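For the record, the sequence lines run as chains D and Z.
Reading the first sequence from the start, the letters are residues 1 to 624 in our numbering.
Reading the second sequence from the start, the letters are residues 625 to 990 in our numbering.
Glycine residues also receive a C-beta, built at the ideal position from the N, C-alpha and C atoms.
No experiment lies behind these values; they were computed from the predicted model shown.
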Amino acid sequence: MAGRQYSISEGKEISISEFFEKNRHILGFDSPQKALYMIVKEALDNSLDACEEHQIIPEIKVRVLKAENEEFEVTIEDNGPGIDRKEVPKVFGQLLYGSRFHSFKQSRGQQGIGITAAVLFGQITTGKDSLIRTRKKGDEVAYDFRLGINIKENRAKIAEEKPAMWDKEHGTIVTIFSKGKYQTGKQSIFEYLKETATVNPNMDLIFEDPDGKTYHFKRVIERPSVPARPIKPYPVGLEPGEILALAHETPATSVATFLSGDFSRISRNSAEEICRIAGIEMNRKPADLSLAEIKAIRQAVGSISILPPSSDCLSPLGEEFIRKGLRNIYDDLHPSFYSKPVKRATSTYNGNPVSVEVGLVFGGDLPQDEPVRIVRYANKVPLLYQPGACATTRAVSEIDWRSYGLDQRNGAGVPFGPMILFIHVFGIRIPYTSESKEAIAPVTEISEEIKAALKTAGRSIKSFLNKREKRKKISEKFRLVSTILPEISEKAASITGEGNIPIESVLSKVANVIFITEETAPSDEGLDVRAVVHNFTSSPRSFTLIADPPVGDLVGSPEFEISDLAPAANVSFTFKIKVEAGRYPGTDYYFRGIDPVYINGAEPLPADWNIEKINVEEVADGAE
Amino acid sequence: MAQSEFEATRERLLKFVKGIYDTLKQGEVPEILMPSRNRDNIVLDQKFAVWRYGDLKVTRSAKYVDGAEYMLKSLYMIEFILEMIRNAKTSTLREMYYISEGWKNGKFGTQDESNIMAEDLEVMTALLREDFRLRPEENGASVIGNLTLEERNRKGEFKKINCKDDVGEAGYSIPYNVDNEKVRLKDVDADFVLAIETGGMFDRLVENGFDERFRSVLVHLKGQPARSTRRLLKRLNEEMHLPIYVFTDGDPWSFRIFASVAYGAIKTAHISEHLAVPTSQFIGITATDILNYDLPTDVLTDKDVQALQAELKDPRFTTDFWKSEIETMLKMNKKAEQQALAKYGLDFVTDKYLPDKLSGTNDMEE
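Shown next as C-alpha cells:
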C-alpha cells in the first residue's frame, strides 16, 4: 500500500501526505487549540485499542509540556503490547498504513491515519521529528526512534534508531513536538481524558498539564475490557469500489471462492447464486472483474436473502463499566441517582452492526437551571466537537422530556435539569458527519435506537422523582409531628410560664399515621440500618414490616413484627446491609396486616411478593 | 425607659401565646386567623378616610408544615421581643434576622421573611413595630422649621430641640420611634408643613429661607417616606393642626409617594390610621405644570407607562384631578423632576412656583 496515491486532476498526482498537508482540517487539525487535543486523542485511542486487543489492563501517562514559541511537547506513554521495530516506520510515518484499514471491526482509532497525521502536523509546525520508544514483551531491549515523514513519498524518514534500556517490560512512548494552544473547558484535553476515563474504568491515567499540575484518574475495575471480534466484510454494507479493491487483493482464484471466503454470511451456495444472478462465470479470476461486473455482483447481493451480520462482533462497554465509570468520575457531584445502564439489542445500519448504550446521572450538585449535559461517545471515544450536528444530541432534542419530570420548552430541544446523559454508539463503520469523525450522522436507524434507549432511561428518572417526592412529603410530615409541633408546645409553655402539656392527641389529629423512618451508620461490612416505627395514631397498632434494600444484601431476616405499639410510642429494628459505602439509596419498606391509610413510609406488600410464602399463609387463614 | 410603658405590649403578646397554649392543652390543633395582607384586601376606611385591610381573612393552621413553621416563628419572635422589653434593648430588623439563625425550626430563610413576620405580628396583635422595639435599617428623614419638640435621649431624659435654631443645615433627624414616649411636640410657629420628595429640593428651599418667609415646617421625605416620617407628619397634622402639602417630582412614582402620605400604603394598611393624613394636598409637578411652565422633561419609560395605567385603576387616584393629570401625562409621554424648575433660576421655585401653587391648590383639587 506504500504506493497508494490520490489522483487529483489532470493526471497530476500528489501523495496522501502532501494532500493532508494542504487539507489538515479534514483530519481535525484545523485550529491551534484542536491540534494538541488531536495529538493526545490519536495516541491514546491507539493505546487503548492495543491494550484491549491484547487483554492488557491499561496504564497511561499523558504529559503536555510548554516549550518556547507556542511550541508544546506532548508525550503519551502506555503499557500496551509494544510495536515491532520493523513496523514503527509504517505505523508512525505513513498515512493510511494500518492492518485495520480493511478489517471489519469496532475500534477506537482512525483506521491507521490518526497518529501519522499527528506526527506530520508536528513536523509541519515545528520542523521537529517525533520521538518513539517501544518495547514488545520478550524483547531484550526497547528501541528509540527519532523520525519524521517524507511528505512527497508518504513514508517515514528515520533520523535515528537505537536500542535502549527500559525498565518497562512492554509499552510505547510517543513524543510529538507541535505548535498549538493549550486550553481548558468543554473541548479540551482534560475533558477528553476525563470522559475517556469514564468509559475505561480499568485504566489508570496520570495527566500532567502545562502548569505542572498532575491529575490521577484511578482504576476501579481490575480486568481488561472485552475486545471486539473482527469479522469479514459484510457485503451489504460495502460500496462497489471497496469490493473491487478486495478483489484485487484476494488470494482466491475464483469469484465463487472469493465471495464465499472473503465475506461474512455468504455461503458457497449463495456465492454461486450471486454469480448466476449477476451473470458472471464463477470460475473467473477476481482480479479480472471490471467495475461494471462488480456493480452487478453488488446488486445481486441485495437481491438474495442473507443473514444479518453476527452481533457478537461488537464490544459494548457493558453495565459494570458504565456504572462504575460514571460513579468514578461524577461522584464528586454527589448525584442522587444513577440509572441502570440501558443497552439496545444490536441492529444494523447500511448492513453493518450498530448498537447503543445509555446511562444517566441525576441530581446532587448538578445545576438545576442549565441544559442537561450530554456526554457522547462513538466506539468508546468521547466526542467533544460539533454536538449540535450529532445524532445523539438530536435524539435528545426530539424526545419530550417533560413527561419524565424535566423542564423543556415546548417539549423539544435539550431539556433543562440536573442531569448528565451518557450516550455510547458503537458498531462497525459508524456513519459520521465528516472525515474528522466529530459527530455521528443523524441517520434514522441510529437515531431511533438512541431515542429508544433514552426513553427507557428517562422512565427511570420519572420513577426516581416520584419516589423522592413521596419520601420528601412523608419526611416533612414526620418533621411536623416529631419536632415542629413539640417545639411549638414547648415555646408556648416557656413564654407563658405555664407547665408543659402532653400533645399526643394533637399529634394524632394532625398525622393519624404510623411513620416508618430509618437511620444508617457505616459498619465494618457495610451499613447498620435502624428502622423506626412511630405510632402517631390514637390506637395501639400491630402489623408486619418487611425491609427490601434495593442494593446490597440484607443480613438476617427482613421481616419484623410490630405488636400492640401504643399511641405516641415507637419501636426500632436494626439490621445490616452488605453494600459499598456511599452506594445506599435507602431501603424500600413494605408492610402487611394493616390498613394502608395508616402507614407512611412503606408500601403494601405487592401481590407477587414471595408468592409461595403468601400462599401458605392464605391456607392457614382459610383453615381457621 | 420605664418598664411600665411596655406592660401593655407584654400583655397583648402573652395573650396571643396563651391562645395557642390553651388550644394545645385542649388537645386541639392551634391556628392563627388574621386579615389577608393582599392588595385585593385593601378597602377605604370610611371613618378615617384611609386605606385599611378588609374582611378577607387567612388561616394558618399548625396542621400543615407551613402553618406550623409560621406559628413557631411568631413564637420565637415574641419570645425575643419580650426579652428585649425585659432588658430595655432595641434591635434592628436585620439584627433580629441574624439572631433568628439560632431558632431551630423557627429560623427565617430570608430577611424579607422576618420583616414580613414583624409586620404580621403588628397585624395580629394590633401593636406597632415600635412597641416591639424593632427598628428599621435606614435613618430617618429631616425637618427644618420653627418647631420645638422634646426627644428622650439614651439617658432617658427629655431634651428640648428647636428645629430651626438648635440644628445644623441638615435639620432635625427623625428617630425611628416618634411616638409620645420618645418625642413630644411642644410648640410650633408655622402655618403649614411642606413635605419634599428630594434632598436637592429640600436643600434649595432651606437655602432660600422658605421656612421663614412662608412660615412653614420643611420635611424631607427621602423618596418613599419611612413610617416614622409619616407618623411625624400625622402628629403635626393632628396635634399641631398644621395642613400638609406634598411637593414631589412629576412622575407616577411621586404620585404614589403622595398617595401613601395621604391614604396609606398596602404594606402598612393595618396602621394607616396612625400614619396617613387624608387631608394632605398635592403641590408636586403635574402634567399641567410641565405644559404651563414648559419644563425640561424626560420620556416615560415602559415601566412609567405601566405604573400610570395601574394608577388609573387604583382607588386612591379616582378623583377628576388625578384622572385628568394621569391621562395628560400618558398622552404627552413625558415626566419632569422638581429641580427642572431651576430652568428659570434658583429662586423661581420659592418666588413663583410654590406661592402660586399654595394659593391655587384648592381650586385644582376640585
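- Item | Segments of 4+ residues assigned as alpha helix (DSSP H) that fall wholly inside the region 65-126 of chain D | 88-93, 114-126
- CA-CA distance, W166 of chain D and P431 of chain D? 41 Å
- Minimum Cβ-Cβ distance from A606 of chain Z to chain D less than 8 Å: Missing from the structure shown is residue 606 of chain Z; chain Z here goes from 625 to 990 and no further.
- CB contact check: D755 of chain Z to chain D, cutoff 8 Å: no
- Query: Going straight from the alpha carbon of V682 of chain Z to that of G733 of chain Z, what length do you get?
  - Reply: 21 Å
- Query: Under 8 Å, do V414 of chain D and S397 of chain D count as touching if we go by C-beta distance?
  - Reply: yes
- Task: Starting from R459 of chain D, follow the alpha helix (DSSP H) in both directions and report where the run begins and ends.
- Result: 444-479
- Task: Determine the closest residue to A164 of chain D out of D:T172, D:G601, D:V141, with distance taken between C-alpha atoms.
- Result: D:V141
- Unbroken stretches of the alpha helix (DSSP H), 4 residues or longer, contained in the region 702-789 of chain Z: 717-723, 735-749
- Task: Have a look at S130 of chain D and F177 of chain D and give me their C-alpha separation to the nearest angstrom.
- Result: 7 Å
- Neighbour list for N729 of chain Z in chain D, Cβ cutoff strictly below 7 Å: T483, I484, E487
- May I have the straight-line CA-CA distance separating Q905 of chain Z from E746 of chain Z, to the nearest angstrom? 29 Å
- Message: Just verifying my parser: in three-state terms, what is the DSSP assignment at Q183 of chain D?
- Response: coil
- Message: At the 8 Å Cβ level, is M695 of chain Z part of the contact set with chain D, yes or no?
- Response: yes
- Simplified DSSP state of K194 of chain D, which is helix, strand or coil: helix
- Message: So V510 of chain D contacts chain Z; which residues on that side make the cut at Cβ distance below 8 Å?
- Response: V653, A686, K687
- Message: Taking its Cβ as the centre, do 16 or more other Cβ atoms sit within 10 Å of N202 of chain D, making it buried, or is it exposed?
- Response: buried
- Taking one C-beta from the region 150-158 of chain D and one from the region 62-76 of chain D each time, how about it: are there three or more such pairs within less than 8 Å? no
- Output, in sequence order along the chain, the residues in the region 965-982 of chain Z whose CB is closer than 7 Å to any CB in chain D. none
- Query: Cβ of A197 of chain D less than 8 Å from any chain Z Cβ?
  - Reply: no
- Query: Who are the neighbours of I702 of chain Z on chain D, taking C-beta pairs under 7 Å?
  - Reply: I495
- Could you tell me the boundaries of the alpha helix (DSSP H) in which W166 of chain D lies? Neither: W166 of chain D is in no alpha helix (DSSP H) and is coded neither H nor E.
- Query: Residues of chain D with CB under 7 Å from I723 of chain Z, in chain order?
  - Reply: None at all; the shortest Cβ gap to chain D is about 15 Å.
- Message: Please confirm whether L480 of chain D has its beta-carbon closer than 8 Å to some beta-carbon of chain Z.
- Response: yes
- Can you find a C-beta in chain D that's less than 8 Å from the C-beta of Y645 of chain Z? yes
- Using three-state DSSP, classify K128 of chain D as helix, strand or coil. coil
- Message: So, with DSSP's three-state summary, where would you put Q299 of chain D?
- Response: helix
- Query: Looking at L44 of chain D and T214 of chain D, is the spacing between their C-beta atoms short of 8 Å?
  - Reply: no
- Query: Using a C-beta cutoff of 8 Å, does S505 of chain D count as contacting chain Z?
  - Reply: yes
- From the DSSP output, in three-state form, read off Q933 of chain Z for me. helix
- Query: Which residues share a DSSP beta bridge with Q905 of chain Z?
  - Reply: Z:Y869
- Output, in chain order, the set of chain Z residues within a Cβ distance shorter than 8 Å of E476 of chain D. V689
- Those residues which DSSP pairs with H424 of chain D across a bridge: D:E357, D:Y377
- Query: Is L818 of chain Z helix, strand or coil by DSSP?
  - Reply: strand
- Item | chain Z contact residues for A492 of chain D, given Cβ-Cβ distances below 7 Å | V641, I644, Y645, L648, L699
- Who are the neighbours of A692 of chain Z on chain D, taking C-beta pairs under 7 Å? L480, I484, L485, I488
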